[in-house]
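Read the structure below first, then the notes.
Residue numbers (this note's numbering): 14 to 109.
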């Protein structure tokens, strides 16, 4: 499995949210915690097994930096970045 990281865009492969796009905000050995800023907010992230997500090669640097620096991250930040990604998915840094 590809290496996952915070701030990365993923697609759900299984469950009732199959096919939806999320951003990883937290990880542990087996699970990732996902948000989209609308239905899945920072207060209640989706806990999903890593094997049930399909990673993209896209990382949202502003989100990643806020998580790494423990800065305040809001649902509005998440929504804004998701809108930008959905309008132009190629306008993001690729994972190496």
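Note that beta-carbon positions come from the ideal geometry of N, C-alpha and C, so glycine has one too.
Considering only the beta carbon of each residue, do residue i and residue j sit closer than 7 angstroms?
i, j, result
"residue 22", "residue 80", "no"
"residue 96", "residue 36", "no"
"residue 31", "residue 45", "no"
"residue 91", "residue 20", "no"
"residue 16", "residue 25", "no"
"residue 50", "residue 78", "no"
In the DSSP assignment, what residue or residues form a beta bridge with residue i?
i, result
"residue 45", "40, 61"
"residue 26", "Per DSSP, none; premise fails for residue 26."
"residue 21", "72"
"residue 31", "The partner list for residue 31 (beta bridge, DSSP) is empty, contrary to what the question assumes."
With a cut-off of 8 angstroms on the beta carbons, I'd call residue i and residue j a contact; round off their distance for me.
i, j, result
"residue 55", "residue 48", "6 angstroms"
"residue 38", "residue 58", "6 angstroms"
Looking at the secondary structure, which residues open and close the alpha helix (DSSP H) in which residue i lies?
i, result
"residue 99", "88-100"
"residue 77", "74-81"
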